[in-house]
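Engineer:
Protein chains in written order, with the numbering used here: chain A, 1 to 243; chain B, 1001 to 1415.
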């Protein structure tokens, strides 16, 4: 939730689960509460929804794709020609913006989960650790086990083979991070200043370092990168007149 | 006044098309059951004119593939073919069609009462200009029915079409005649062949005029309409019925243009579709573009049934030229020139490349073409992953998000 100057007044992150209407209502109410606004006083506040399920948010005045919103959110922090890389739970995308913030091109990952948060979730589960533990292991590794497969399922099988061969756990996690980075770099050239967003980046700062080593330009992460898409949606809500 | 449905304006000529398609399938069914006439199966841009000229009824298995896809029956049958050893990576027209045959079923039964199977062929005729899979596909039936499998091996990656190309293909077409005469029991009648070529040419010209009505802004027809109304050009080229159909459809569309009738109300953006239709999702895509006030006004696919090189005075060589001038067998430079001109002629704002998982020959995004076109012409491009018939290869949410984001992008750059 933003004020008219674009200052963030409140935000909320909830798991969508299986009840989308309930989850969106909770997210909106919590964000309003964080901003000190009661739900009953929220009439007149324009809402723009984004992301998967954006069309199912009954309270939204409009919807925008996550591609538009991540671009808008990132440009608000870095108003110049940038390449936005969003590594989300279900998909990844590379968005190229010109100096005026217009989208020149975008590319989403192919249908499979490789290079997304879902890949890391699957691998964490196979390694019997929580998602939060991955970053520490990757950062602590002094070697890297190569994970070659595109496919999440085959990668998991590959990891089991590495474990049987005696590979170090931290080295395997580093290899898993490298796999995510490789999938991102295969999507499109990362030119100029690279802005990383999304939950994977928010929770795995070591991944940012790994990407920074692989690209020529500077790599930056906006504040609260998991909320960049929501910020973009709120900026659209602020700027676009009610239909 | 044309009837409106969900905001769309129905094409009145469609009723006649349904009759033409029904007559086509019933005629084939009767011929196959009674043996009164010989049935030839022919790949989409195989030598249909020759077959008609020699008195065969012609059945197009790729059309059956499209029916399997559009009715979504394909998903019942692809796994059957996969289990029988036909890879999920090969043509899903082939796997859905052959899977249906292995199960003894066809969606034609539900559409046309009384038809129980696809018509058994007396001869199977291919042109590999579409791909190698069409030959492998017909080979399934050749083994099953023990009937002749003959055809034309195409050139591929053709730059400028030369006399050598034309002579090479023409020679191969002429070489088909003895086998066809043996199967039909009749000698080739050159006058009948010339008449089939003349009718095919006339059908092509009319079909081109139909598609070209979409050069009007706003356009009176969409790509999705085109995938339906191309039926007669696909299954009946070389017949008077196909000519009659387009002589009915064309004035209806011309009248729309004159009256400013829009296929997509408040048309904001115009797109080009490169690659195969996603048959199992036609309705969803049509609706999404409709809601986005965006009209897909042109495509390589619908234009692939335009054969203006056909010349009744030189049937073999002109057939050869028509089959080798085809987009699908040309090199990337020729394809890029073609697309660039089409984008200009139809005043398109952007192009969608469909990368069809099981159809590499119709997926032109795989060797850097979108990037080259964008760099050379400033064309705005989007590539989506999908498939013609195998809906396991289509992620609805992801594709719809990409299309919506592409239209958002067009709004930004044209603002």
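Virtual Cβ for every residue (Gly too), placed ideally from N, Cα, C.
Below 8 Å, how does it come out for the segment 1300-1313 of chain B and the segment 1381-1394 of chain B: are there three or more Cβ pairs, yes or no?
Structural biologist: No, the segment 1300-1313 of chain B does not touch the segment 1381-1394 of chain B.
Engineer: Who are residue 1042 of chain B's beta bridge partners in DSSP?
Structural biologist: B:1125.
Engineer: For residue 68 of chain A, which residues in the same chain have their Cβ closer than 6 Å to its Cβ, ignoring the five residues on either side in sequence?
Structural biologist: So no residue of the chain qualifies.
Engineer: Compute the distance between the beta-carbons of residue 1171 of chain B and residue 1329 of chain B, then report whether it is under 8 Å.
Structural biologist: No, the pair does not count as a contact, with Cβ atoms beyond the cut-off.
Engineer: Nearest chain A C-beta to residue 1261 of chain B closer than 8 Å, yes or no?
Structural biologist: Judged by the 8 Å Cβ criterion, residue 1261 of chain B is not in contact with chain A.
Engineer: Would residue 19 of chain A count as contacting chain C if we go by Cβ distances under 8 Å?
Structural biologist: You won't find chain C in this structure, because its protein chains are A and B.
Engineer: What does residue 68 of chain A reach in chain B if we use C-beta pairs closer than 7 Å?
Structural biologist: Correct list: 1405, 1408.
Engineer: Considering only DSSP beta bridges, list what residue 1296 of chain B is partnered with.
Structural biologist: Its beta-bridge partners are B:1271.
Engineer: So what does DSSP say about residue 233 of chain A, is it helix, strand or coil?
Structural biologist: Of the three classes helix, strand and coil, the one that applies to residue 233 of chain A here is helix, per DSSP.
Engineer: Between the beta-carbon of residue 1119 of chain B and the beta-carbon of residue 1028 of chain B, is there less than 8 Å?
Structural biologist: Contact flag set, yes.
Engineer: Using only the heavy atoms of the ligand HEM, determine whether one of them is closer than 7 Å to the beta carbon of residue 1222 of chain B.
Structural biologist: Because no ligand of any kind appears in the structure shown, any question about the ligand HEM cannot be addressed here.
Engineer: For residue 99 of chain A, collect the residues of the same chain with a Cβ closer than 7 Å to its Cβ; drop the 5 residues on either side in sequence, then sort them by chain order.
Structural biologist: Excluding positions up to five away in sequence, the list reads 80, 81.
Engineer: Which parts of the segment 1012-1066 of chain B are runs of the alpha helix (DSSP H), unbroken and 4 residues or longer, counting only runs that do not cross its ends?
Structural biologist: Segments of the alpha helix (DSSP H) lying fully in the segment 1012-1066 of chain B: 1014-1034, 1048-1053.
Engineer: With residue 1235 of chain B and residue 1024 of chain B assumed to form a contact (beta carbons below 8 Å), what rounded beta-carbon distance in angstroms separates them?
Structural biologist: The Cβ separation is near 5 Å, so the contact holds.
Engineer: Below 8 Å, can you find three or more Cβ-Cβ pairs linking the segment 1118-1136 of chain B to the segment 1028-1047 of chain B?
Structural biologist: A contact exists between the segment 1118-1136 of chain B and the segment 1028-1047 of chain B.
Engineer: Return the first residue and the last residue of the beta strand (DSSP E) that residue 129 of chain A is part of.
Structural biologist: That residue, residue 129 of chain A, is in no beta strand (DSSP E); it is neither H nor E in DSSP.
Engineer: Thinking C-beta only, is residue 1274 of chain B closer than 8 Å to residue 1339 of chain B?
Structural biologist: Cβ distance < 8 Å, so residue 1339 of chain B and residue 1274 of chain B count as in contact.
Engineer: Closer than 7 Å by C-beta to residue 72 of chain A: which residues in its own chain qualify, once you throw out the five before and the five after it? Chain order, please.
Structural biologist: Correct list, in chain order: 232, 235, 236.
Engineer: Going along the chain, which residues of its own chain have a beta-carbon closer than 8 Å to the beta-carbon of residue 151 of chain A, five neighbours each way excluded?
Structural biologist: These residues qualify, in order along the chain: 112, 114.
Engineer: When DSSP labels each residue in this structure, what does residue 211 of chain A get in the three-state scheme?
Structural biologist: Three-state DSSP puts residue 211 of chain A in a helix.
Engineer: With contact counted as at least three CB pairs below 8 Å, one residue from each stretch, are the segment 1095-1103 of chain B and the segment 1058-1071 of chain B in contact?
Structural biologist: Yes, the segment 1095-1103 of chain B touches the segment 1058-1071 of chain B.
Engineer: On a Cα-Cα basis, can you pick out the residue from A:11, A:41, A:47 that is closest to residue 30 of chain A?
Structural biologist: Among A:11, A:41, A:47, the Cα nearest to that of residue 30 of chain A belongs to A:11.
Engineer: Compare the C-beta of residue 1004 of chain B with all C-beta atoms of chain A and state if any pair is closer than 8 Å.
Structural biologist: Since pLDDT at residue 1004 of chain B reaches only 47, below the 50 mark, its modelled position is unreliable, and no value is offered.
Engineer: Going by Cα to Cα distance, which pick from B:1050, B:1188, B:1107, B:1309 is closest to residue 1201 of chain B?
Structural biologist: Cα-wise, what sits closest to residue 1201 of chain B is B:1309.
Engineer: With burial defined as no fewer than 16 other Cβ atoms inside 10 Å of the residue's Cβ, what is the status of residue 1057 of chain B: buried or exposed?
Structural biologist: The residue in question, residue 1057 of chain B, is buried, as its Cβ has 16 or more Cβ neighbours within 10 Å.
Engineer: Using a beta-carbon distance below 8 Å, is residue 1001 of chain B in contact with chain A?
Structural biologist: Caution applies to residue 1001 of chain B, whose pLDDT of 38 falls short of 50 and renders its modelled position unreliable; the model cannot decide the point.
Engineer: According to DSSP, is residue 54 of chain A helix, strand or coil?
Structural biologist: The answer is helix: DSSP assigns residue 54 of chain A an H, G or I state.
Engineer: Residues bridged to residue 83 of chain A by DSSP?
Structural biologist: Note: residue 83 of chain A sits in a beta bridge opposite A:96, A:194.
Engineer: Can a CB atom of chain B be found closer than 8 Å to the CB of residue 116 of chain A?
Structural biologist: Cβ-Cβ to chain B under 8 Å: no for residue 116 of chain A.
Engineer: In three-state DSSP terms, what is residue 4 of chain A?
Structural biologist: DSSP places residue 4 of chain A in coil when its eight states are reduced to three.
Engineer: Closest to residue 1009 of chain B by CA distance: which of B:1290, B:1272, B:1404 is it?
Structural biologist: Out of B:1290, B:1272, B:1404, B:1290 has the C-alpha closest to the C-alpha of residue 1009 of chain B.
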